[in-house]
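Enquirer: I have a structure here, written as structure tokens, and I will follow up with some questions on it.
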Amino acid sequence: MEQVDIVDENGKVLYSVSKHEAHIKGLLHMTVISEITNSKGEWLLVKQASDRQDAGQYVSPVGGHVQTGESLEDALKREVFEEVGITASTYRYIGKKIFNREVLGRKENHYFFLYEIVSDSPLKLNGESESCRWFTTRELKEELKRNPKKFGDAFHFVVKAFFKDVLLM
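Read in order, the letters of the sequence shown are residues 0 to 168 in numbering that gives the first Met the number 0.
Here it is in structure tokens:
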């Protein structure tokens with residue numbers, strides 16, 4: 000069973016539990032998130048599979064738990080490869096913010112560590128996503144405004160917390 004580190008609001012590791020226990024009890028644990036853009040400045044979003052927390056909605060292409068003892072960078076590289084099939088050799092750290100919600104009968108209490116990757120590599124999606132789409136910044140701004148339910152809650156949170164000037168103005 001996957002183990003995660005429980006952290007305080009400063010990111011200090013307190014102890015470790017199973018990912019399941021962290022979600023049942025709403026314990027704060029670390030998650031890496033990455034937006035992916037290509038050389039044309041387009042944003043990659045994935046549509047979540049029907050068994051996922053944001054089923055049928057577009058979300059950030061990379062998002063996953065940092066396992067016990069794993070560095071943020073190693074977790075990012077692992078998740079990027081698992082979820083979109085590319086090797087992340089260069090990435091940029093954007094920031095961190097706490098995100099919590101109740102979904103699918105569990106309490107998600109995640110400390111998001113957000114990154115950005117620029118890549119034109121071919122993608123290979125895993126079963127967590129049913130499809131993907133590249134959006135121009137203009138298209139993404141318009142869709143967020145016109146059809147917000149097309150996008151998952153965590154993506155809205157990331158946009159408001161980190162990309163407000165780019166996507167909401």
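Note that CB positions come from ideal geometry on N, CA and C, so glycine has one too.
Indicate the three-state DSSP secondary structure (helix, strand or coil) for Asp4 in the structure shown.
Expert: If DSSP states are grouped into helix, strand and coil, Asp4 belongs with the strands.
Enquirer: On the DSSP letters alone, give me the boundaries of the alpha helix (DSSP H) that Arg145 sits inside.
Expert: Start and end: 136-145.
Enquirer: When the Cα atoms are used, what is the spatial distance from Arg105 to Cys131?
Expert: C-alpha separation (whole angstroms): 26 angstroms.
Enquirer: State buried or exposed for Tyr14, treating a residue as buried only when at least 16 other CB atoms are found within 10 Å of its CB.
Expert: Tyr14 is exposed by the Cβ-count criterion.
Enquirer: Going straight from the alpha carbon of Phe150 to that of Leu71, what length do you get?
Expert: Whole-angstrom Cα-Cα distance: 25 angstroms.
Enquirer: Could you check where the beta strand (DSSP E) with Leu113 kicks off and where it finishes?
Expert: Leu113 -> beta strand (DSSP E) spans 105-117.
Enquirer: In this structure, what does DSSP give as the bridge partners for Lys39?
Expert: For Lys39, which the question treats as bridged, DSSP gives no partner whatsoever.
Enquirer: Could you pull out every unbroken beta strand (DSSP E) segment of at least 3 residues lying fully inside the stretch 38-88, listed in chain order?
Expert: Runs of the beta strand (DSSP E) inside the stretch 38-88: 42-47, 61-64.
Enquirer: Take the Cβ of Gly62 as the centre, count every other Cβ of all protein chains shown within 10 Å, and call the residue buried at 16 or more, exposed below.
Expert: With 16 or more other Cβ atoms within 10 Å, it is buried.
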